[in-house]
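Undergrad: Following this note's numbering, the numbering of the sequence shown begins with 508 at its first residue and continues without gaps.
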Amino acid sequence: MTVGETFDVVVVGSGAAGAMAALRAAEHGMKVLIVEKAHKFGGTSATSGGVMWIPNHQLEGDKGDSRESALEYLDATIGVPVNRERLEAFVDEAPKMLDYLKSTGVQVMAAAWPDYYPDRAGARADRSVIVPTFDGRQLGDDRYALMREQYNRFKLFGRYAMDLTETFALMMQSKGWRTVAAKVIGRYWKDRSTRKISHRDRRFTQGAALMGATYEQIFKRGVELRMETKLEQLLVDDGGRVTGIEVSNFGRKYQVMARHGVILAAGGFEWNQELRDRFYPVPGLTRHSSTPEDGNRGEALIEAEKIGASTEHTEQGWWMPTMTLPMPKASNFHEIHQSAFDVGRPWSVVVNRNGVRFVDEACGYDQFGQAMVRDHLETGANMPCWLIFDSKFRKKFSAGGLMPTVHTPEKKVPADWWDHYVFRADTIEELCRKTHLPVDAVKKTVAKMNEYARTGVDPEFGRGMNPYDQMFGDPSSTPNPNLGPIDKAPFYAVPINNGDLGAKGGLRCDARARVLDQQGNPIAGLYAAGNNSGTPFGDTYPGAGATIGPAMTFGYVAANDIVERAGNQRAD
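(1) Which residue marks the beginning of the alpha helix (DSSP H) containing V857, and which one marks its end?
(2) Any idea if E575 is buried or exposed, counting beta-carbon neighbours within 10 angstroms, 16 or more meaning buried?
(3) For a quick check, are the C-beta atoms of P1002 and A932 less than 8 Å apart?
(4) Taking just the CA atoms, how far does K697 sit from T1042?
(5) Measure the C-alpha to C-alpha separation of R1077 and V558 and round it to an integer number of angstroms.
(6) A772 and G525 look like a contact to me (Cβ under 8 Å); what is the Cβ gap, rounded to whole Å?
(7) How far does the alpha helix (DSSP H) with V946 in it reach, from first residue to last?
(8) Would you mind stating whether I935 and K950 have Cβ atoms separated by less than 8 Å?
(9) Using DSSP with H/G/I as helix, E/B as strand and the rest coil, what is W925?
(10) Can you give the Cα-Cα distance for M678 and D1068, rounded to whole angstroms?
(11) Starting from D784 and walking both ways along the alpha helix (DSSP H), at which residues does that stretch end?
(12) What are the start and end residues of each continuous beta strand (DSSP E) run of 3 or more residues lying completely inside the stretch 529-558, in chain order?
(13) Could you give the DSSP three-state label for F757: helix, strand or coil?
(14) Using a threshold of 8 Å, state whether the C-beta atoms of L738 and F548 are closer than that.
(15) Can you tell me whether DSSP reads N1004 as helix, strand or coil?
(16) Per DSSP, R733 forms a beta bridge with which residues?
(17) Under three-state DSSP, which class holds A1078?
(18) Cα separation between A618 and G1062?
(19) Restricting to Cα atoms, I'd like to know which of K609, T750 and G805 is closest to G1012.
(20) For K813, which three-state DSSP category applies?
(21) Give a yes or no on whether the C-beta atoms belonging to L1033 and A811 are separated by under 8 Å.
(22) Using only alpha-carbon positions, find the residue among T915, C892, M890 and L894 that is nearest to K902.
(23) Going by DSSP in three states, I1055 sits in which element: helix, strand or coil?
(24) Tell me which residues share the same chain as V730 and place their Cβ nearer than 7 Å to its Cβ, disregarding the 5 neighbours each side in the sequence.
(25) What are the residues that DSSP puts in a beta bridge with F462?
(26) Using only CA atoms, which one of G791, K919, C1016 and G643 lies nearest to A1031?
(27) List, from N- to C-terminal side, the alpha helix (DSSP H) runs of 4 residues or more that fit wholly inside the stretch 664-717.
(28) My output table needs one value for L771: the three-state DSSP class, helix, strand or coil.
(29) At which residues does the beta strand (DSSP E) containing P833 begin and terminate?
(30) Touching or not, the stretch 812-821 and the stretch 877-893, by the rule of three or more beta carbon pairs under 8 Å?
(31) Give me whichever residues DSSP pairs with V516 in a beta bridge.
(32) Could you tell me whether the Cβ atoms of F875 and P828 are closer together than 8 Å?
(33) Just how far apart, CA to CA, sit Y959 and Y999?
(34) Hey, T952 and R1019: beta-carbon distance below 8 Å or not?
(35) How would you label P562, buried or exposed, when you count the other beta carbons within 10 angstroms and need 16 or more for buried?
(36) D606 by DSSP, collapsed to three states: which one?
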């Protein structure tokens, strides 16, 4: 075994949690190493929407949020016991983390995004924070293409980067959307200098903007990043203190020692079927996850458990409805597509295999997934469920990876998709026959939805009757932007799986991000943040950015605690 160098802090994982931990530790003069098992850095965060949920952030656009209001809202939404001290630490430290991030030179701005439970006490529409478009080449031409790239679904035609405003304009076919598309495409091809280096758009948007801007500051502070470097085990001394890690790089194993702490920020376990089967009441398949394929396999959690670490909130994921389609230009491979907003559009309905609705389809995607789990436990007839829609929906909206007809007309849909991945029929009866759904039940459900579309009121689940639903509805559909009659042939159906954005549970940590053992005592020298740790929110997903906000906050907290303890040690 080769013994490697010694660093002050070793961070496992290069996503938002690890990046913030490394940045903050380096700010205080620590010698920091980030190890990343993938060939590219940035983690799942770089592929995400890049939103941070930060209550009481005090940015322009904050209309009087407060610590008390944030806790009132969280108390009204969380449905399981949580570590109160840790929850309050998030609310208190998140604004400080954001202030620090701004102080390094990273630009941030508030986004008008309703909390996911807009009817609960303390809910607001100004707690989500984003980073504006970042020029990826500021990382250096030798690095910019090495950041993990966003999925094709976040890019126009799978190539051109879009910010959130552009994405929603095209997604909703808002007024002037064709001009927006032309601008996005033209901007890319006019950048001739970048085209000589890489196909990748130099405009880093959404999650790539957040991670690009953060890593620019990380590299300026001398943090070392090693990719293709996988955690093999945690090193522990005779006193039970974590002193470093053993890693492997293309089969070569060596040790890296950490003077002051190891921070686990390696993501969740959603790509480990054995752990899903162990923790989730309805496990689902790894393949349905919308995170990078075969990426987050829970290695860090497993290694921490081997030295006595405990876990919490592992019965739930950050759920996200997804659907599957063949991958273009790649034989025998499939691509997972998010369907978060598609399921709540007008001219559609979602039913279980009994042909019955089970949720406000336009609710937050995590709530949608929770409803799928509940319904499946009750009926055994969910996972997948079915999104049924008519030709009006087909013309304007995507259904997972099936783009609207303005982008993908019927003649351009591959022949092998029909009635295998996407089902189509001239009548509801024929559609039910193809999908093996009960005709009478589906016809009854569709008739109800058509009546709700006429009145604008959904008495069953309240679809389209709150600000969050309406944000992703269609204003042209009145009187309710999320309801429209399902009455124009042909009719379509796609199966919807319970995918995820990662694991909601993980290693149990205290308010200082220290990993706790089975007795609730901190394991010396070991910290965790992001999806590697249990969420402070228990079973809920309070708002857009509720994964990345706490990830960066507890990465910040972990680094602060290490710096403080190191100072005390030096003082001794």
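Glycine residues also receive a C-beta, built at the ideal position from the N, C-alpha and C atoms.
TA: To lay it out plainly:
(1) Note, V857: premise wrong, no alpha helix (DSSP H); beta strand (DSSP E) at S855 to V858.
(2) exposed
(3) no
(4) 43 Å
(5) Here R1077 scores only 47 on pLDDT, less than 50, and its place in the model should not be relied on; the value that follows carries that caveat. Taking C-alpha positions only, R1077 is separated from V558 by approximately 38 Å.
(6) 3 Å
(7) V946 to T962
(8) Yes. Within cutoff.
(9) W925 falls in the strand class under three-state DSSP.
(10) So the two alpha carbons sit approximately 43 Å from each other.
(11) Q780 to F786
(12) 539-542
(13) coil
(14) no
(15) Note: N1004 maps to strand in three-state DSSP.
(16) Looking at the DSSP assignment, R733 forms a beta bridge with V542.
(17) Caution is warranted here: a pLDDT of 41 is assigned to A1078, below 50, making its placement in the model unreliable, and no coordinate value can be reported.
(18) 23 Å
(19) G805
(20) helix
(21) Contact flag set, yes.
(22) T915
(23) Here I1055 sits in helix by DSSP.
(24) A529, A533, V539 and I541
(25) No answer is possible for residue 462: it lies beyond the span of the chain, which begins at 508 and ends at 1079.
(26) It is C1016.
(27) Fully enclosed alpha helix (DSSP H) runs of 4 or longer: 671-678, 684-697 and 699-702.
(28) In this structure, DSSP gives L771 an extended state, which the three-state scheme calls strand.
(29) First-last of the beta strand (DSSP E) with P833: G824 to P833.
(30) Put simply, the stretch 812-821 does not touch the stretch 877-893. Fewer than three CB pairs are less than 8 Å apart.
(31) V539 and G768
(32) yes
(33) 20 Å
(34) no
(35) buried
(36) helix
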